[in-house]
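Asks:
Residue numbers (the working numbering), protein chains in the order written: chain X, 85 to 542; chain P, 494 to 846.
1. Of the residues X:122, X:157 and X:124, which one's Cα is nearest the Cα of residue 99 of chain X?
2. Can you grab the Cα-Cα spacing for the pair residue 504 of chain P / residue 676 of chain P, in whole Å?
3. By a C-beta neighbour count over all protein chains shown, 10 Å radius and 16 as the cutoff for buried, is residue 440 of chain P buried or exposed?
4. At what residue ranges does the stretch 453-513 of chain X contain a whole run of the alpha helix (DSSP H), taking only runs of 4 or more?
5. Determine contact between the stretch 425-432 of chain X and the stretch 460-479 of chain X, defined as no fewer than three beta-carbon pairs at a distance below 8 Å.
6. Grab the span of the beta strand (DSSP E) containing residue 791 of chain P for me, first residue to last.
7. Starting from residue 837 of chain P, follow its DSSP beta bridges and name the residues at the other end.
8. Going along chain P, which residues have a C-beta under 8 Å from residue 543 of chain X?
9. Let me know the secondary structure DSSP gives residue 812 of chain P once reduced to three states.
10. Kindly indicate which three-state DSSP category residue 219 of chain X falls into: helix, strand or coil?
11. Skipping 5 residues on each side, what residues in its chain have a beta carbon closer than 7 Å to that of residue 860 of chain P?
12. Output, in chain order, the set of chain X residues within a Cβ distance shorter than 8 Å of residue 842 of chain P.
13. From this set, P:584, P:633, P:614 and P:594, which residue's C-alpha is nearest residue 566 of chain P's C-alpha?
14. Do the stretch 647-657 of chain P and the stretch 253-271 of chain X make contact, defined as three or more Cβ pairs closer than 8 Å?
15. Out of X:338, X:450, X:189 and X:166, which one is the CA nearest neighbour of residue 214 of chain X?
16. I'd like to know if residue 219 of chain X contacts chain P, where contact means its C-beta is closer than 8 Å to some C-beta of that chain.
17. Is there a C-beta anywhere in chain P that falls below 8 Å from the one on residue 229 of chain X?
18. Figure out for me which residue from X:231, X:155, X:161 and X:416 has the closest Cα to the Cα of residue 371 of chain X.
19. Can you give the Cα-Cα distance for residue 693 of chain P and residue 569 of chain P, rounded to whole angstroms?
20. Measure how close the beta-carbons of residue 223 of chain X and residue 244 of chain X come, nearest whole angstrom, since I'm counting them as under 8 Å.
21. Which chain X residues are close to residue 609 of chain P, counting only those with a beta carbon under 8 Å from its beta carbon?
22. CA-CA distance, residue 765 of chain P and residue 629 of chain P?
23. Could one say the Cβ of residue 594 of chain P lies closer than 8 Å to chain X's Cβ atoms, at least one of them?
24. Is residue 748 of chain P buried or exposed, if buried means 16 or more other CB atoms sit within 10 Å of its CB?
25. Assuming residue 769 of chain P and residue 711 of chain P make a contact with CB atoms under 8 Å, what is their CB distance in whole Å?
26. Looking at C-alpha atoms only, which residue of X:502, X:480, X:462 and X:490 is the closest neighbour of residue 533 of chain X?
27. Are the beta-carbon atoms of residue 610 of chain P and residue 621 of chain P separated by less than 8 Å?
28. Which residue from P:645, P:815 and P:786 puts its Cα closest to that of residue 792 of chain P?
29. For residue 117 of chain X, report the span of its alpha helix (DSSP H) as first-last.
30. Near residue 824 of chain P, which residues of its chain fall below 6 Å by C-beta distance, leaving aside the five closest residues on each side in sequence?
31. What are the start and end residues of each continuous alpha helix (DSSP H) run of 4 or more residues lying completely inside the stretch 252-299 of chain X, in chain order?
32. Tell me, please, whether the CB atom of residue 415 of chain X is closer than 8 Å to any CB atom in chain P?
33. Does the beta carbon of residue 361 of chain X come closer than 8 Å to any beta carbon on chain P?
34. Does residue 548 of chain P come within less than 8 Å of chain X when only Cβ atoms are used?
35. Going by beta carbon distance, what residues of the same chain come within less than 6 Å of residue 423 of chain X, once the five residues before and after it are set aside?
36. Out of X:217, X:146 and X:218, state which residue places its alpha-carbon closest to the alpha-carbon of residue 184 of chain X.
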């Protein structure tokens, strides 16, 4: 006890804090704003006394200890105003102590700007949840904990703030907003390359924002629909039939396209002839013209009492329009350019020298095609087939005119919308969306991983 | 069934039925808590418990840790019992997030446990697993019984052993027998998912008997799978319950009791089996704690590769001083056991990037 001495500055600060706590508490008690003898208030006062004694006689960190005392005093005096009851106030105090700890660590370990960022974040959260929103102390608690966890790195803080914004500002659609925000943030933080500069990052951010604005309806339907409703829709026989019909017609249409477009693509890719450019432009016609126009054109030619339609009915005994054959025809018509162009690109990418080499080694023309060009172009052809399949399955306009009555899935959506309205249709739409996206990504995955490894071995 | 067993089983069944007369069905328990302050107590209690590992003196740390685990069990029984174990925690988190902006108190009520745990993991490391988690505590206490035998097996690199096979078959028999009994007496509800999880546990055990030495690391990937199963179930609002929600969630139905018994029995043969291979919440905590401020660091200058830390670690997260942070439970056994004092808890506030 010989070298025991009180440090005057330390003692002064602690006593000042204690006196402030006790004095203001007594004052508020006299004005009967606070009941001094409530259990919670006595507890806080006792806690502050204990910390004060430890601080005066011990060698603990004054910054943390003083801050702790200040926090406790502030909660004892103001807690009743901000929080609905003492337990909430106590929980808030605990979380604030965590914040204090994190704040002191950031202050002493990280650059000062980071500390200011932290304080600004805290004040912003206080503004949003206590001042702006009613009855949101509970959320304030939750988000303060989030801030404490993420404050030490700017990147984590950015993620945290987008989370906060999605769940407060973007309220009906928080998950969709969160998905978009986090995707954009991840891309921005991860972007690498020689041209990486602020400008290119801004370009990336702005562009992605537009892309996601366009994709928002997709996300909202995907996240927002109740799975139970989707299940109910899936149980309906009519919907099941429509989906199955769509599946097999699109597959058949793709098969027919493959039968014709792969040889044609190969021929156009390898041969040069007059009118080749014209042919290449003509391929695009189904893309260029509106779908309804395509439908009317098909009806004009293949419909009942029309030139080819009549002939077909007389030969085979069934009409084209209003049957599955009509659906197939329309799907083939609109999907053809996608398949043909992909086939062309795929065969163009196969070096002609390889085929020449195969021929010099004695391969017949058939082997040259089936054992050299076809395997090497396989991945491109498969991707083209996926595109054509998706286009055929999703075709609405042309199919509506030529064969509205055996329903395909898009037509079923249309009919349902006309019959019962928007809100009864969204589960069906969500189902189709889910279905097509899963199919599409699955096939893409197959093409990109499995086929590429096969291409390497070939 | 032998005659003498019947009255015992019947009295047991009667007992369970009277105990479950005031069962809170899962759905009721999830929604009937308005006006209570359970969530705030949760934050207080879990927060305090998470700070304790930071504050305890290194002397007698492991004894204090076990005390803390017992506190954790008590807190989960008396305060946060509606969290329904780890699965319920994930499902409630999803629900609670959806309540933000609608019913803020309900949101806090559902989110308080998972948010507290994840936040504490992001700052203080995965201390929840080693110091608080009642499921982990239960397994650890069960594993202590065969502690010496486990250490021998580990030292030999987990070879096939008849002892283990016998134990696994015994456990499987207990499981099958009880399940058969339950299905005969029709107390067993087929929709109680905890049964399926304990079946998975049994299959895992049989697998581990043969191949634990080589498949240990690979099988741990199963946790990711179970995490996504639970998340998908939460989104589809399916009712999936975890094995150890009996007692901790006051759901007194025999199926969950059976599942809890299963986890304890399985932990006798493979220490921390639930945490190692199946716990989805462990996976979430490992992700949250990936860049935690507080972590264990080995001073490789001091380390003489004696392998003491390998022996004490319950989850095989350390190999000759090299720590796998994705598996570490922050129980600090290795810190206390290291004869060279080479492993230490370090705070790192500067972010890596």
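Yeah, the Cβ is synthetic: ideal placement off N, Cα and C, and Gly gets one too.
Replies: Quick look at the numbers:
1. X:157
2. 17 Å
3. With chain P covering only 494 through 846, there is no way to say anything about residue 440 of chain P.
4. 458-478, 481-486 and 493-504
5. yes
6. 787-791
7. P:790
8. Outside the displayed span of chain X (85 to 542) sits residue 543 of chain X, for which this structure offers no information.
9. strand
10. coil
11. Because chain P here runs from 494 to 846, residue 860 of chain P falls outside it and cannot be looked at.
12. 189, 190, 193, 194 and 236
13. P:633
14. no
15. X:166
16. yes
17. yes
18. X:416
19. 25 Å
20. Actually they do not touch by this definition, with Cβ atoms about 14 Å apart.
21. 229
22. 7 Å
23. yes
24. buried
25. With a Cβ gap of about 12 Å, residue 769 of chain P and residue 711 of chain P do not count as contacting.
26. X:462
27. yes
28. P:815
29. Here residue 117 of chain X belongs to no alpha helix (DSSP H), and DSSP marks it neither H nor E.
30. 623
31. 258-274
32. no
33. no
34. no
35. 341, 345, 468 and 472
36. X:146
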